[in-house]
Structures are given as structure tokens and as C-alpha cells.
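Protein chains in written order, with full-length UniProt numbering: chain A, 1 to 143; chain B, 1 to 143. The C-beta atom is built at its ideal place from N, Cα and C for all residues, glycine as well. Heads up: the structure comes next, in C-alpha cells.
Protein chains: 2
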Amino acid sequence: MTTEHTAESLAKTLRGAIIRFSRRVRQARPVGDLTFSQLSALTSLQLAGALTPRELADVERVQPPTMTKIVGKLEERGLVARTPHPTDGRQVILAATDEGRAVYASHERARNEWLAVQLDQLSPEERDTLARAAEILQRVARA
Amino acid sequence: MTTEHTAESLAKTLRGAIIRFSRRVRQARPVGDLTFSQLSALTSLQLAGALTPRELADVERVQPPTMTKIVGKLEERGLVARTPHPTDGRQVILAATDEGRAVYASHERARNEWLAVQLDQLSPEERDTLARAAEILQRVARA
DNA sequence: CATGCTCATTAGCTAGGCTAAGTATCGTGA
DNA sequence: TCACGATACTTAGCCTAGCTAATGAGCATG
Numbered sequence: 001m002t003t004e005h006t007a008e009s010l011a012k013t014l015r016g017a018i019i020r021f022s023r024r025v026r027q028a029r030p031v032g033d034l035t036f037s038q039l040s041a042l043t044s045l046q047l048a049g050a051l052t053p054r055e056l057a058d059v060e061r062v063q064p065p066t067m068t069k070i071v072g073k074l075e076e077r078g079l080v081a082r083t084p085h086p087t088d089g090r091q092v093i094l095a096a097t098d099e100g101r102a103v104y105a106s107h108e109r110a111r112n113e114w115l116a117v118q119l120d121q122l123s124p125e126e127r128d129t130l131a132r133a134a135e136i137l138q139r140v141a142r143a
Numbered sequence: 001m002t003t004e005h006t007a008e009s010l011a012k013t014l015r016g017a018i019i020r021f022s023r024r025v026r027q028a029r030p031v032g033d034l035t036f037s038q039l040s041a042l043t044s045l046q047l048a049g050a051l052t053p054r055e056l057a058d059v060e061r062v063q064p065p066t067m068t069k070i071v072g073k074l075e076e077r078g079l080v081a082r083t084p085h086p087t088d089g090r091q092v093i094l095a096a097t098d099e100g101r102a103v104y105a106s107h108e109r110a111r112n113e114w115l116a117v118q119l120d121q122l123s124p125e126e127r128d129t130l131a132r133a134a135e136i137l138q139r140v141a142r143a
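Written out as C-alpha cells, the structure reads:
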């Protein structure tokens, strides 16, 4: 059964749900672990293999100076390396280091633990709903 | 058709979708408008009628000092009023002022405009998926 | 009525986001 | 070829949002 949802009331509900959900997930972070934003950037980098700061900023939907900061933190910890672009002296290539990949994998597991436990308690149908919602949200975010 | 979604892979996908979506919605904020957090707090206050700071912090899933700050901003703008608790001198009652309600309504509309337009372009089924996902996310956030 | 708990706030910190401005490099048209 | 506009990244400076720890005020109870 498909209830009628106006775009306006849905917008309000969705915003509320997402801000609270984000905060809840943020709270589940172990101390010393990568932050939400850092982990997201590192994930995007690994999925893509290597990206320029501009490209990474676009993927992550932030402005370039913001990405400079986030990458700076990751670089301090030796998780990401900057290498010069082979032909264009202005650009920089970002890639995860070996340590970055290793730390990523373990932190990712720990980071997801709480969430995975919660999701595991849902029905398969509910998980499916969330998976489809995630796809839709990605699409809307790209607009 | 219901594809199989493991809790782990879903956790990763969901987190990525939500962080990007949040950032995108945040970017759509007109200058001088209420922030994401301020609007969310004001919404919760209006829905509940009146709350103590502690209650509001719980609803919004933040720590009390964080809520003190957010409420402080709203109070500066005359949108929320603090009144003493009738019997317990420690507590405070927070409620939206008349101006708060008026400003809320217009800002809410403006704030949702971008999002509502995006949602309006989705199919009814997709909106339904998002509505059900919002309900699930609320539930998980409460856990 | 003293002591311990709860509520709210203050203080101080970090991260994350933005815009504006600066710097280096590229590419192109005269 | 070289001056100039465009592009890529960073720096500087600002604000919000979040946290923990500590403070102060009021309640409640032995």
C-alpha cells in the first residue's frame, strides 16, 4: 500500500530523520578513531583509486578548502599521500597509502559495528527499503 | 525483487549516502537563514509545545551543552523564550515565541524549497520508499 | 540540615564547513 | 614569445556544531 506523501511533508520528515540519525552515528565513534568526514573521504579515495583534491571535493560535496583540511588530517596520520601530477604542475594526486588501506579496513569495521548491529536487527524488507533509499538519496544529493 | 543486503555493506552505503545528502541540503541554505540544527530544534520544540533543555537535547540527540548553544542562538533572535519551571527551580521551560512560530513557518518553507523540488521530481514509489526509510532511520537513531 | 544528586550553564577544545584572497601553473591569442 | 585570463590548490579568517569537564544553583533525603 502506497500512502500519499507530499514532497513538502516528506522533506520535513526526512530532514529530521537524517539529522538525528547522523548525530547518533557520530556518537558511536570510538575516541581516536577517524571522524565521519575523514572516513568518508578515505572511502571515496579507495573506491576511486586516486583523485585530485577537486575531484574528491566534488564527490564528497564540499568546497575545495574544506577538502584541503580533511586531507591534511589524513596526511598527518600517514593515511593519504600527495604526489605531483605527471603533466599538470597545478594538480596533485591523492591516494591512500598502504597504512591508509590497513587502518581504513580496521577502523571501518569498528566504525560500522554499532550500525551493523542495528541494521542486523531489521527485517530483510526494511534493509531493502534502506538500500533503495540510499540510492535515491545519492541521486538527489548529486542534483 | 529483493536483493540481498548484508548489514555491513548496507552500513557503508547508507553512511556515505547520508553524509553527502546532509552536506547537499546544508549547502541549499539561504544566507541569514536558520541553520540545520537550529531549525531542527525549533521544529522539535513546536511539535512538543514546550520542553526543558534536557528533553530537547535528548530528542535532538545532542549533549545538553550543545543544546544550550543552539537555544542561545534562537533566543538571541527572539524565536524561543526561556521561562522558569513552576515548581523546580533548576529547570527551565523552552517554548517558541509568536515570532518564532511565524519565522519558523516562512523559513521552513524557504529551507525546504530546494529539497521539495527535488523530491517532487521523484516517482510516488520513490517518495514512499524515502518515507518508510525515514521512519526506520528514526527508529534506529533512537536505539 | 548536611550531603549528595540533578539541571543548566560556562569554559575550553576540536572538527568541519564556508568565502575571499593568494600563489603557482597552464593555455591561448596577439 | 609573452602577457593575460583561467584553473588548481592552499592559506587565512570566520562561524557553527559537537564534545568533555567543571561550576553553580536548587532539590530531596537520610
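Cβ neighbours of residue i in the same chain (closer than 6 Å, five flanking residues each side left out)
i: Gln91 of chain A; result: Thr52 and His85
i: Ser123 of chain B; result: none
i: Val59 of chain A; result: Ser44
Whole-angstrom distance between residue j and residue i, CA atom to CA atom
i: Glu99 of chain B; j: Ala81 of chain B; result: 10 Å
i: residue 146 of chain B; j: Leu45 of chain A; result: This structure does not reach residue 146 of chain B, given that chain B is present from 1 up to 143, and the question cannot be answered.
i: Leu137 of chain A; j: Ala110 of chain A; result: 25 Å
i: Thr97 of chain B; j: Leu42 of chain B; result: 10 Å
i: Arg101 of chain B; j: Gln121 of chain B; result: 29 Å
i: Trp114 of chain A; j: Ala28 of chain A; result: 7 Å
i: Lys12 of chain A; j: Arg132 of chain A; result: 20 Å
i: Ser22 of chain A; j: Thr83 of chain B; result: 31 Å
i: Leu130 of chain B; j: Arg26 of chain B; result: 19 Å
i: Thr6 of chain A; j: Leu14 of chain A; result: 12 Å
i: Val140 of chain B; j: Arg24 of chain A; result: 9 Å
i: Gly89 of chain B; j: Thr66 of chain B; result: 21 Å
i: Ala17 of chain B; j: Gln38 of chain A; result: 15 Å
i: Arg142 of chain A; j: Glu135 of chain A; result: 11 Å
i: Met1 of chain A; j: Leu34 of chain A; result: Summary for Met1 of chain A: the model assigns pLDDT 47, below 50, so the residue's position carries little reliability, and this model does not support an answer.
i: Glu55 of chain B; j: Phe36 of chain B; result: 19 Å
i: Leu74 of chain A; j: Thr87 of chain B; result: 51 Å
i: Tyr104 of chain A; j: Ser106 of chain B; result: 44 Å
i: Glu8 of chain B; j: Leu47 of chain A; result: 16 Å
i: Asn112 of chain A; j: Pro64 of chain A; result: 27 Å
Proximal chain B residues relative to residue i, where beta-carbon distance stays under 7 Å
i: Ile93 of chain A; result: By Cβ distance, chain B contributes nothing, its closest Cβ being about 22 Å from Ile93 of chain A, past 7 Å.
i: Leu14 of chain A; result: Leu130 and Ala134
i: Asp120 of chain A; result: Ala7
Buried versus exposed, by CB contacts within 10 Å (16 or more), residue i
i: Lys69 of chain A; result: exposed
i: Glu125 of chain B; result: exposed
i: Ala57 of chain A; result: buried
i: Glu76 of chain A; result: exposed
i: Leu10 of chain B; result: buried
i: Ile19 of chain B; result: buried
Residue i: contacting residues in chain B (beta-carbon distance under 8 Å)
i: Val62 of chain A; result: Arg23
i: Thr52 of chain A; result: By Cβ distance, chain B contributes nothing, its closest Cβ being about 18 Å from Thr52 of chain A, past 8 Å.
i: Thr43 of chain A; result: Lys12 and Gly16
Residues of its chain near residue i, where Cβ-Cβ distance is below 8 Å and the 5 sequence neighbours each way are ignored
i: Ala116 of chain A; result: none
i: Ile93 of chain A; result: Ala50, Leu51, Thr52, Arg82, Thr83, Pro84 and His85
i: Gly78 of chain B; result: Thr97, Glu99 and Gly100
i: Glu108 of chain A; result: Leu39 and Thr43
i: Val71 of chain B; result: Ala41, Pro53, Leu56, Val80, Arg82 and Leu94
Close beta carbons around residue i, own chain, < 7 Å, minus the five adjacent residues each side
i: Arg127 of chain A; result: Leu119
Amino acids of chain A, ordered along the chain, whose beta-carbon sits closer than 8 Å to that of residue i
i: Glu55 of chain B; result: Result: empty, since nearest Cβ-Cβ is about 14 Å, beyond 8 Å.
Amino acids of chain A, ordered along the chain, whose beta-carbon sits closer than 9 Å to that of residue i
i: Ser40 of chain B; result: Arg15, Gly16, Ile19 and Arg20
Chain B contact residues for residue i, given Cβ-Cβ distances below 9 Å
i: Gln138 of chain A; result: Thr13, Gly16, Ala17, Arg20 and Phe21
i: Ala48 of chain A; result: Simply none; closest approach about 13 Å.
Chain-ordered chain A contacts of residue i [CB-CB under 7 Å]
i: Ala116 of chain B; result: Ala7, Glu8 and Ala11
i: Ala81 of chain B; result: Under the 7 Å cutoff, chain A gives no residues; its nearest Cβ is about 22 Å from Ala81 of chain B.
- Item | Those runs of the beta strand (DSSP E) which lie wholly inside the UniProt domain "HTH marR-type" (7–139) of chain B and span at least 3 residues | 80–84 and 92–96
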